[in-house]
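These notes are about the structure you will find just below.
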Amino acid sequence: MTVEAQKETRGFQTEAKQLLHLMIHSLYSNREIFLRELVSNASDAADKLRFAAVKDDALYEGDADLQVRVSVDKDAKTITISDNGVGMTRDEVIENLGTIAKSGTAAFMEQLTGDDKKDAQLIGQFGVGFYSSFIVADKVVVTTRKAGQAADQGVRWECDGEAEFEIENIEKTSRGTSIELHIKSDADEFLDDWRLRSIIKKYSDHIAIPVVMQKQQAVGEDEETPAEPEDEVINTATAMWTRSRSEVSDDEYKEFYKHVSHDYEDPLTWSHNRVEGKLDYTSLLYIPARAPYDLYNRDGARGLKLYVQRTFIMDDAEQFLPLYLRFVKGVVDSNDLSLNVSREILQKDPNIDSMRTALTKRVLDMLTKLAKNEPEQYQLFWNQFGEVIKEGPAEDFANREKIAKLLRFATTHTDSDAKDQSLDEYIGRMQEGQDKIYYIAADNHNTAKNSPHLEVFRKKGIEVLLLSDRVDDWLMSHLMEFDGKSLTDIGKGELDLGGMDSEEEKKSQEEVAESMKPLVDRVQKVLGEKVAEVRITHRLTDSPACVVVPENEMGAQMRRLLEQAGQKVPESKPIFELNPEHPLVQKLDQEQDEERFADLSDVLFDQSSLAEGAHLTDPAAYVKKLNKLLLELSN
1 MTVEAQKETR GFQTEAKQLL HLMIHSLYSN REIFLRELVS NASDAADKLR
51 FAAVKDDALY EGDADLQVRV SVDKDAKTIT ISDNGVGMTR DEVIENLGTI
101 AKSGTAAFME QLTGDDKKDA QLIGQFGVGF YSSFIVADKV VVTTRKAGQA
151 ADQGVRWECD GEAEFEIENI EKTSRGTSIE LHIKSDADEF LDDWRLRSII
201 KKYSDHIAIP VVMQKQQAVG EDEETPAEPE DEVINTATAM WTRSRSEVSD
251 DEYKEFYKHV SHDYEDPLTW SHNRVEGKLD YTSLLYIPAR APYDLYNRDG
301 ARGLKLYVQR TFIMDDAEQF LPLYLRFVKG VVDSNDLSLN VSREILQKDP
351 NIDSMRTALT KRVLDMLTKL AKNEPEQYQL FWNQFGEVIK EGPAEDFANR
401 EKIAKLLRFA TTHTDSDAKD QSLDEYIGRM QEGQDKIYYI AADNHNTAKN
451 SPHLEVFRKK GIEVLLLSDR VDDWLMSHLM EFDGKSLTDI GKGELDLGGM
501 DSEEEKKSQE EVAESMKPLV DRVQKVLGEK VAEVRITHRL TDSPACVVVP
551 ENEMGAQMRR LLEQAGQKVP ESKPIFELNP EHPLVQKLDQ EQDEERFADL
601 SDVLFDQSSL AEGAHLTDPA AYVKKLNKLL LELSN
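Numbering (UniProt numbering), first residue to last: 1 to 635.
Right, here's the structure in full:
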């Protein structure tokens with residue numbers, strides 16, 4: 001096939017069309033960001049070539065001097081950003097420039113709202129730096145060739161920001177990628193040489209390879225002969241993490257974060273450290289301000305950028321942090337690993353385990369410090385990443401207590417939707433004689449807040465944690481105590497208030513239970529196999545009855561979660577508890593008509609199940625019995 005025959009016009013994916021429209025019309029109020037994104041991508045391409053060349057030096061093609069070049073042509077109204085990095089094949093160009101995100105596209109598109117401002121923020125999180133070209137350009141031309149391939153394997157890609165792009169094979173003698181931006185009439189400011197230099201200095205000073213521009217042409221001494229043009233390195237061109245903390249400004253730290261994360265917002269906090277001794281490595285770790293769209297995809301790309309002796313090895317090295325800290329961004333640079341390191345080797349290297357332990361501790365220390373010194377900022381963090389942190393106690397036993405101190409919950413003593421109470425704060429408000437931390441887990445906040453199980457706790461003024469995140473039941477199955485106090489699910493087993501019930505109260509409860517035994521037996525006979533047990537309760541003050549999970553069985557929230565995921569769960573029958581003080585229960589006790597007694601018992605049981613967020617196995621039968629009882633009352 002000839003080169004000309006390989007020229008074709010292709011349409012963008014639907015997602016890409018929508019993204020281009022948003023990019024052109026709404027993304028980034030600060031248009032100069034486009035240059036930061038393109039220089040950052042060029043730097044990544046150089047890093048990837050350096051890594052590939054560790055195994056195959058021939059990929060350098062005799063030119064190991066990696067750099068990014070920025071040039072301006074005022075007459076043609078173009079800006080060109082070129083690199084001599086790894087380059088792309090034709091298939092890679094189509095894959096990377098014609099589609100949006102090989103994985104997670106659906107999740108991304110589902111979150112688009114049609115609100116330009118909100119969608120712009122989402123795109124910033126999504127990390128689509130190349131498409132920022134269309135903020136300032138009405139046409140973009142990309143020429144590229146993969147390192148190691150023949151000159152006739154070059155590729156040219158052209159797009160005017162509409163629904164289609166053209167692609168063809170070309171001759172390209174040099175490896176790498178060149179992006180030519182045809183600047184819009186309202187973006188002429190970026191055709192100024194000094195304007196571009198200031199942008200590079202502002203946003204890309206940390207890039208570890210030179211960003212080069214041609215010096216503005218000088219005039220010789222005779223003012224007639226122009227001097228030969230010279231290259232000028234605009235940035236510091238030193239790996240920022242190798243510099244002393246005292247040499248790096250906060251603005252530089254923030255810009256480097258945007259480079260490694262492709263985020264548009266500043267990070268919440270960061271930690272820059274050099275470790276020397278048995279292990280020798282440098283780490284620069286960041287906590288983002290906002291969760292990425294794919295945070296809950298546990299199989300998605302995550303991890304730190306790994307460098308060995310300042311040579312890039314891989315993106316998303318997940319071995320250095322546990323899964324519950326997958327939101328952390330940054331760099332780790334080790335002097336104790338081989339340049340030939342791979343993901344498989346990392347999994348077997350004992351040094352990695354030591355670094356993972358130390359880096360995990362450092363992140364938890366960062367969060368602890370943020371929670372202590374800047375509680376409002378920590379609340380922002382918790383709102384974004386709290387559910388992921390809740391995975392920690394099950395995954396990281398060694399740090400379980402430290403993670404537990406970072407947890408935040410809504411409680412019966414806080415405003416309706418506030419999830420800002422720590423376990424330490426809860427303990428500080430515990431009642432005299434209270435030796436347990438009480439909680440209730442439900443499918444949503446309102447169900448938890450209005451659970452009948454809370455009634456006696458409200459009566460006695462005992463605080464209860466209100467858990468409604470999907471992960472909460474699972475969390476509590478691994479976090480069974482804190483600061484020497486057991487965490488107790490008030491929806492499970494017997495109610496035990498310990499020293500907060502007087503001996504007189506306990507004696508009275510036993511006497512009432514004994515006197516109501518005939519009623520309990522009658523209800524047990526009616527409900528039969530539906531329940532594990534029927535008993536009298538003293539946890540209720542306003543409700544006639546409730547259902548309770550047996551002590552050592554799976555919680556209702558966890559059971560429903562597994563069932564929704566298609567998992568088989570062990571069979572479980574609830575305990576049905578009756579409030580002897582409630583008029584309905586007293587009426588039930590006096591009911592002589594056995595059929596009516598059975599209907600009323602069934603309705604009370606089904607109502608109690610509904611109050612806990614359960615789904616009835618036979619809702620039609622419930623409605624029929626309820627209607628029958630209502631008709632009898634109206635007669």
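Ideal Cβ placement from N, Cα and C applies to all residues, glycine included. A quick note: this is a predicted structure, and the numbers were derived from the prediction, not measured.
Below 6 Å CB to CB, which residues in the same chain sit around residue i once its five sequence neighbours on both sides are set aside?
i, result
"K449", "L466"
"Y203", "R36, E255"
"residue 652", "Because residue 652 is not part of the residues shown, which for the chain are 1 to 635, the question remains open."
"H272", "R245, L284"
"S261", "K329"
"G493", "E551"
"S486", "K436"
"A239", "A208, R310"
"S608", "A545, C546, V547"
"S334", "Y281, V308"
"D47", "F312"
"W382", "R408"
"K624", "none"
"T488", "K436, Y438"
"S582", "Just to set this straight, residue 582 is His in the shown sequence, not Ser. Result list for H582: P544, in chain order."
"D606", "L616, Y622"
For residue i, which three-state DSSP category applies?
i, result
"H206", "coil"
"D599", "helix"
"S334", "strand"
"V39", "helix"
"D231", "strand"
"H259", "helix"
"G392", "helix"
"N30", "coil"
"E571", "coil"
"W265", "The residue asked about is misnamed: residue 265 is Glu in this sequence, not Trp. Here E265 sits in coil by DSSP."
"D592", "Sequence check: residue 592 is Gln here, not Asp. Q592 falls in the coil class under three-state DSSP."
"Q214", "strand"
"K139", "strand"
"R245", "helix"
"I490", "coil"
"F126", "Annotation note: pLDDT 45 at F126 (below 50); position unreliable, no value reported."
"V93", "helix"
"A58", "helix"
"H272", "strand"
"E553", "coil"
"L466", "strand"
"K485", "strand"
Excluding the 5 residues flanking residue i on each side, which residues of the same chain have their C-beta closer than 7 Å to its C-beta?
i, result
"T447", "G613"
"E553", "S572"
"M558", "D473, W474"
"Q6", "E168, N169"
"V341", "V308, I313"
"I33", "S132"
"Q384", "R290, A291"
If the criterion is Cβ atoms closer than 8 Å, does the pair residue i and residue j meet it?
i, j, result
"L423", "A404", "yes"
"R10", "F165", "yes"
"residue 636", "T173", "Residue 636 is absent from the structure shown; the chain starts at 1 and stops at 635."
"I94", "L38", "no"
"R175", "G87", "yes"
"A187", "L49", "no"
"V136", "L181", "yes"
"P288", "L268", "yes"
"K390", "V471", "yes"
"V534", "L527", "yes"
"Y324", "V388", "yes"
"V68", "A52", "no"
Take residue i and list the residues in its own chain whose beta-carbon comes closer than 8 Å to its own, dropping the five residues that flank it on each side.
i, result
"L196", "L35, V70, V72, I79, F190, M213"
"N235", "I200, K201, S204, D205, H206, I207, P210, V211"
"G491", "I440, A441, S451, H453, V548, V549, G555, A556, E612"
"P570", "E553, M554"
request  = Could you say if the region 447-455 and the region 386-406 meet the contact criterion of at least three C-beta pairs nearer than 8 Å?
outcome  = no
message = Threshold first: 4 residues or longer. Then list the alpha helix (DSSP H) segments lying entirely within the region 499-526, N to C.
response = 503-515
request  = Could you tell me which uninterrupted beta strand (DSSP E) segments, each at least 3 residues in length, are contained entirely in the region 415-456, listed from first to last along the chain?
outcome  = 436-441
query = What residue ranges within the region 341-407 form continuous alpha helix (DSSP H) runs of no fewer than 4 residues, ordered along the chain?
reply = 343-348, 350-373, 375-389, 392-395, 400-406
request  = Jot down the residue ranges of each uninterrupted alpha helix (DSSP H) in the region 150-207, minimum 4 residues, whole runs only, in chain order.
outcome  = 193-203
request  = Would you list, in sequence order, the uninterrupted beta strand (DSSP E) runs of no fewer than 3 residues that lie entirely inside the region 296-328?
outcome  = 304-308, 311-317
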